[in-house]
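Asks: Numbering (my numbering), first residue to last: -15 to 451.
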RNA sequence: GGCGCCUUGGCGGAGUAGUUACGCAGCGGUCUGCAAAACCGUUUACACGGGUGCAAUUCCCGUAGGUGCCUCCA
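Okay, here's the thing in structure tokens:
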């Protein structure tokens, strides 16, 4: 299993600390709005990572967080808390906002057939852990207090720019950022923010430094180390997290423990919609709900996501999504062959069905090469449409489908059989054809098509699939 | 302003120094009662200009366009 590692900037062989266990921490969403297509690109790719690890014999211990407090409107640690702002605008509490959008996210994960992380952890439920970590940093001299909070002194952590290959001096020269003048370094970030006296907050806690709430970055360090240990195997997240969030996580965690925080860092590149980045102001934050409204299945979304490589910036547009839906239709047509296996034995040669999942795995194990995996799968699908699946092959065929589902999550095994009545109609059509009653045969075919069942004739007889 | 990345056929998307994935869509054909499926062919794909190679889409330089980060964002 090889994976591009942002830490080394190379494709590295995954070697967990305690095989077969492999610990994974995924930076989850900040739940202040609906998850959009960009989020799903990222999280489906994480899902593929975990599936591939499992297929490779590893036992993933996967933790994902939900940020439900502390993520400010600006990463410069200024402005309002995202959730608090949303709550104020909608006349609700921050808790209500968090609950609502957390549910939206979890529902989306389920509809995309994502594996469930072993733990989904919330920042608000780990305040004590975060305070404990800040105290640890305080004792080691990495913190300082100014008017609005407790800050991390990045100047004390020499390796700070290394992970993201930051050139801090160069960056500052042109950046148009208004930094808090009390900060010792522009890159210093808040560990704990004090509640502003003039603003009512729904979420605030007591701390050794005063009432307030944790900074955004500290939660991931605290929770990942609590559940996965000081050093985790794989840390994943969106590519945007490299220069700030993950850089800060490393600074906090490694300063606190003196150990390396994560051995492998996987980052999902962003997706653009119609050539532009996804952002509120452009109004292109397409959600799963938008997609389902157009009659496109979540599985087509998943397939579309897998069509591109996670390391390159992908493009999203509706035409491609429709193409993915069509492609999925063909894969489903392959899947339903298991319901129509004849007992007769034809001389169709043998097809190494059980080899298919292994072939898929080999491609995924090569830095999650989903495009090549799908290319291979399409070839298999095309061949099987012709080979036909006979009765004594069904067990192997179903094992193959299950293997594909385990790896890609396309849920092909859920494609059910047609009704007895529909089967009767197909038989009637065949009988009519034998009698050369073309009108009757075509009528049956049209009736079936109205029910979403397409019939095609092969040398082995009539085969149906869903249109 | 600083630092990156990208530019592949109608669309999406792999890949490689010389044999041109894969999918969707179009066109023509074979097959078929008609379809569908399958198969064959087809629209001569690699932004532009230089350079280094026997050979460049694939390496180097430049130009143009796009785009990302440094602000919020998966």
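No residue lacks a Cβ here, since even glycine has one placed at the ideal position from N, Cα and C.
Which one of 397, 86, 186 has the shortest CA to CA distance from residue 75?
Replies: 186
Asks: Report the CB separation of residue 115 from residue 191 in whole angstroms; it is logged as a contact under 8 Å.
Replies: 5 Å
Asks: Which residue from 138, 151, 149 puts its Cα closest to that of residue 168?
Replies: 138
Asks: Mark residue 238 as exposed unless 16 or more other C-beta atoms lie within 10 angstroms of its C-beta, in which case mark it buried.
Replies: buried
Asks: Grab the span of the beta strand (DSSP E) containing residue 360 for me, first residue to last.
Replies: Looking at the DSSP string, residue 360 is not in any beta strand (DSSP E); the run it does join, the alpha helix (DSSP H), is 354 to 371.
Asks: Could you check the C-alpha separation between residue 224 and residue 49 for me, to the nearest Å?
Replies: Rounded to whole angstroms, the gap between the alpha carbons of residue 224 and residue 49 is 17 Å.
Asks: Measuring alpha carbon to alpha carbon, tell me which residue in 26, 66, 181 is nearest residue 285.
Replies: 26
Asks: Around the Cβ of residue 171, are there at least 16 other Cβ atoms within 10 angstroms (buried) or fewer (exposed)?
Replies: buried
Asks: In whole angstroms, give me the CA-to-CA distance for residue 462 and residue 179.
Replies: Outside the shown range of the chain (-15 to 451) lies residue 462, about which nothing can therefore be said.
Asks: Beta-carbon within less than 8 Å of residue 43's beta-carbon, same chain only, minus the 5 sequence neighbours each way: which residues are those?
Replies: 4, 5, 6
Asks: Going along the chain, which unbroken runs of the alpha helix (DSSP H) with 4 or more residues stay wholly within the region 56 to 96?
Replies: 66 to 74, 78 to 95
Asks: Curious, which full-length alpha helix (DSSP H) runs of at least 4 residues does the region 223 to 275 contain?
Replies: 231 to 241
Asks: If you compare alpha carbons, which of 400, 410, 271, 336 is closest to residue 384?
Replies: 336
Asks: Does the region 285 to 296 touch the region 349 to 362, meaning 3 or more C-beta pairs lie closer than 8 Å?
Replies: yes
Asks: Where do the ends of the alpha helix (DSSP H) carrying residue 381 lie?
Replies: Its alpha helix (DSSP H) spans residues 378 to 392.
Asks: Using the rule of at least 16 other Cβ atoms within 10 Å of the residue's Cβ for burial, across every protein chain shown, is residue -5 buried or exposed?
Replies: exposed
Asks: Please go through the same chain and pick out, in chain order, the residues whose beta-carbon is closer than 7 Å to the beta-carbon of residue 95, but skip the five residues on each side of it.
Replies: The residues 272, 282, in chain order, have a CB closer than 7 Å to that of residue 95 in the same chain once the five nearest residues on each side in sequence are set aside.
Asks: Just reading off the beta strand (DSSP E) that residue 434 is part of, what are its end residues?
Replies: Note, residue 434: premise wrong, no beta strand (DSSP E); alpha helix (DSSP H) at 422 to 434.
Asks: Which residue comes first and which comes last in the alpha helix (DSSP H) that contains residue 348?
Replies: 339 to 348
Asks: Taking all protein chains shown into account, decide if residue 143 is buried (16 or more other Cβ within 10 angstroms of its Cβ) or exposed.
Replies: exposed
Asks: For residue 466, count neighbouring Cβ atoms within 10 angstroms of its own Cβ and tell me buried if that reaches 16, exposed if not.
Replies: Nothing about residue 466 can be reported from this structure: the residues present for the chain run from -15 to 451 only.
Asks: If I follow the unbroken beta strand (DSSP E) through residue 136, where does it start and stop?
Replies: 133 to 136
Asks: For the 8 Å Cβ check, are there 3 or more pairs between the region 303 to 314 and the region 374 to 392?
Replies: no
Asks: Cβ of residue 134 within 8 Å of Cβ of residue 175?
Replies: yes
Asks: Can you tell me the Cα-Cα spacing of residue 304 and residue 210, whole angstroms?
Replies: 42 Å
Asks: Please report the straight-line C-alpha distance between residue 229 and residue 45, rounded to a whole angstrom.
Replies: 22 Å
Asks: Note the first and the last residue of the continuous alpha helix (DSSP H) segment covering residue 130.
Replies: Unbroken run through residue 130 is the beta strand (DSSP E), 127 to 130; no alpha helix (DSSP H).
Asks: Alpha carbon to alpha carbon, how far is residue 418 from residue 445?
Replies: 11 Å
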